[in-house]
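Written below as structure tokens is the structure these notes are about.
There are 2 protein chains.
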Amino acid sequence: MTRREEIIKAAKVLFRERGYRSVSMRDLAKSMDFKAASLYNHISSKEEILAEIVLDVAHFFTKEMEQVKSLGADTKTQLEAVINHHILITLENPEAIAIVNNDWLHLEGIHFEEFLKLRNAYEQDLRDIINQGVNAGEIGSKNTEIVLFSILSTLRTLHSWYRKRSGIDGEQLRNDITEILLRGVIK
Amino acid sequence: MTRREEIIKAAKVLFRERGYRSVSMRDLAKSMDFKAASLYNHISSKEEILAEIVLDVAHFFTKEMEQVKSLGADTKTQLEAVINHHILITLENPEAIAIVNNDWLHLEGIHFEEFLKLRNAYEQDLRDIINQGVNAGEIGSKNTEIVLFSILSTLRTLHSWYRKRSGIDGEQLRNDITEILLRGVIK
DNA sequence: GTCTATAACCTGATAGAC
DNA sequence: GTCTATCAGGTTATAGAC
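Chains as they are written, first to last, in the numbering used here: chain A, 1 to 187; chain B, 1001 to 1187.
Shown next as structure tokens:
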């Protein structure tokens, strides 16, 4: 692991614990046992660290969605796949997911725009899947936006909830959440 | 409206927009067209403003929950009431709800402890309602914590979603969300 | 590649004039 | 009750020694 990667890794822990704004470059350097100025040999700004963490996750979600879309399956199968992927990524990468959800607003300029583009595209893909389900009669006549929100709100906050209750079996978690979310919207 | 109340009101807008840590006392003063030092004639610290906003909401939720408990109805009716109250409070008070969700971790000392006490009690009451439903056979044999989370995660993030889509009819929103959340867990 | 020193600025909060 | 001036400390980031 390069020094740069070590910095990103240490930042993930601190940013998740206390929030991006609350962590100073001195804090980050101290957690790695050297001085703040030395960080700038490996990264060019604090915001660059945040951007790398957040955009990595966003690109990963985009890839997973591409894969789901390529299945060409019915709505229930596709929703199931999206939910399962989302949960698996969350359980494997909880720090990064927490940072994405809590601190993406602190991205600046081009990073902010790229994140928003990826996030909007992901939401639009999920919206398309839901609409396809409404047209095929798999989903009741509820407002598409509300269906979209009811699913995403649960998936996007799973990280904070799982943290406090990590005793729960990952398999049961995935099964129960998938079932609850699908039962809520599938006819 | 006293000057103190005006300050709280202005803080709600700014804290919600940019987050508690990102808003300086100078920013807050500027938005009211006077200087930062003057704020301290009406409030004793920045954290006191946050505490007033957050604890007000928390006490309000506690009162609503007391009322639901006093109904002594079956699980479905009680869940329906909790969900409805939660949505109504959110639509009427979106700034304060957003601040509670995003910035309660910045509370300090006694304020932090009081908030946690209220929040834990609210969660425990909802957990009791769910467990009562499991025992009465109204809810399937899913893990209680997962049922609790699937409901709260959606309700607690409604504020951010409603903001962008305020065109949606409040009545339909309440009906659809209630139906989706209940269908997910009620047998 | 890490250090010390420092620039330039922002932070919450207070003292005291008016 | 608002102002100016100020304090003590924190912020990101850079320059130059080693």
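Even for Gly, the Cβ is constructed at its ideal location relative to N, Cα and C. Just so we're clear, the structure is a prediction, and the values are computed from it rather than from any experiment.
Among the residues of its own chain, which have a CB less than 6 Å from the CB of Ile1099 (chain B), if the five just before and after it don't count? Setting aside the 5 residues that flank it on each side, Ile1099 (chain B) is surrounded in the same chain by Phe1015, Arg1016 and Ile1053, each with a C-beta closer than 6 Å to its C-beta; the list follows chain order.
Thinking C-alpha only, which one of A:Ser24, A:Met1, A:Ser38 and A:Lys30 is nearest Glu47 (chain A)? Per the C-alpha coordinates, the member of A:Ser24, A:Met1, A:Ser38 and A:Lys30 positioned closest to Glu47 (chain A) is A:Ser24.
Using a cut-off of 9 Å between C-beta atoms, extract the partners of Val185 (chain A) located in chain B. Under the 9 Å cutoff, chain B gives Ile1180, Arg1183 and Gly1184.
According to DSSP, is Ile186 (chain A) helix, strand or coil? In the three-state DSSP reduction, Ile186 (chain A) falls in the strand class (E or B).
Beta-carbon gap between Ala136 (chain A) and Thr75 (chain A) smaller than 8 Å: Cβ atoms of Ala136 (chain A) and Thr75 (chain A): closer than 8 Å.
Cβ pair Leu105 (chain A), Gly170 (chain A) closer than 8 Å: No.
Where does Ile97 (chain A) sit, in a helix, a strand or coil, going by DSSP? DSSP places Ile97 (chain A) in helix when its eight states are reduced to three.
Assess contact between the stretch 1158-1169 of chain B and the stretch 158-172 of chain A, defined as three or more Cβ pairs (one per stretch) separated by less than 8 Å. Is contact present? Contact between the stretch 1158-1169 of chain B and the stretch 158-172 of chain A is not established, with fewer than three Cβ pairs separated by less than 8 Å.
So, does the stretch 1031-1049 of chain B touch the stretch 1069-1085 of chain B, judging by three or more C-beta pairs under 8 Å? Not touching, per the Cβ criterion.
Pairwise C-alpha distance: Leu55 (chain A) and Met1032 (chain B): C-alpha separation (whole angstroms): 37 Å.
Does the pairing of the stretch 146-159 of chain A with the stretch 174-181 of chain A give three or more beta-carbon distances under 8 Å? Yes, since at least three Cβ pairs between the stretch 146-159 of chain A and the stretch 174-181 of chain A fall closer than 8 Å, the two stretches touch.
Name the chain A residues that come within less than 7 Å of Phe1149 (chain B), Cβ to Cβ? Listed along chain A are Trp161, each with a C-beta nearer than 7 Å to that of Phe1149 (chain B).
Distance, Cα to Cα, Lys1009 (chain B) vs Arg1026 (chain B)? If I take the Cα positions, the gap works out to 16 Å.
Would you mind sorting Asn1102 (chain B) into buried or exposed? The rule is 16 or more other CB atoms within 10 Å of its CB. With 16 or more Cβ atoms within 10 Å of its Cβ, Asn1102 (chain B) is classed as buried.
By Cβ distance below 6 Å, which residues in the same chain neighbour His1085 (chain B) in space, the five residues on each side in sequence not counted? Counting only Cβ-Cβ distances below 6 Å, and skipping sequence neighbours, we find Glu1064.
I want to verify the contact list: residues of chain A whose CB lies under 9 Å from the CB of Thr1157 (chain B), in sequence order. Phe149, Leu152, Ser153, Thr154, Arg156 and Thr157, listed in chain order.
Are Thr1154 (chain B) and Thr154 (chain A) closer than 8 Å when you measure CB to CB? Going by C-beta atoms, Thr1154 (chain B) is nearer than 8 Å to Thr154 (chain A).
Quick check: the Cα distance between Ile110 (chain A) and Thr144 (chain A), rounded to an integer number of angstroms? Spanning the two alpha carbons is a distance of roughly 30 Å.
Under the rule that 16 or more other beta-carbon atoms within 10 Å means buried, what is Glu1095 (chain B), buried or exposed? When all chains shown are included, Glu1095 (chain B) counts as buried.
On the DSSP bridge assignment, give the partners of Ile1130 (chain B) in chain order. According to DSSP, which records beta bridges pairwise, Ile1130 (chain B) is partnered with nothing at all.
Can the beta-carbon of Lys1187 (chain B) be found closer than 8 Å to that of Ile1139 (chain B)? Closer than 8 Å, so yes.
Under three-state DSSP, which class holds Ile8 (chain A)? Here Ile8 (chain A) sits in helix by DSSP.
Within its chain, find whatever has a CB closer than 6 Å to the CB of Gln132 (chain A); leave out the 5 residues flanking it on each side and keep chain order. Once the five neighbours on either side are set aside, the close Cβ partners of Gln132 (chain A) are Thr75.
Please confirm whether Phe60 (chain A) and Ile83 (chain A) have their CB atoms less than 8 Å apart. In this structure, the beta-carbon distance from Phe60 (chain A) to Ile83 (chain A) does not fall below 8 Å.
Beta carbon of Arg1021 (chain B) nearer than 8 Å to that of Arg18 (chain A): No, they are not a contact pair.
Going by DSSP, name the residue or residues bridged to Ile139 (chain A). Checking the DSSP bridge columns, you'll see Ile139 (chain A) partnered with A:Ile186.
For Thr2 (chain A), count neighbouring Cβ atoms within 10 angstroms of its own Cβ and tell me buried if that reaches 16, exposed if not. A residue is called buried when at least 16 other Cβ atoms come within 10 angstroms of its Cβ; Thr2 (chain A) does not meet this threshold and is exposed.
Can you find the residues in the same chain that come closer than 8 Å, C-beta to C-beta, to Lys1012 (chain B), ignoring five residues on each side of it along the sequence? The residues are Ile1053, Glu1095, Ala1096 and Ile1099.
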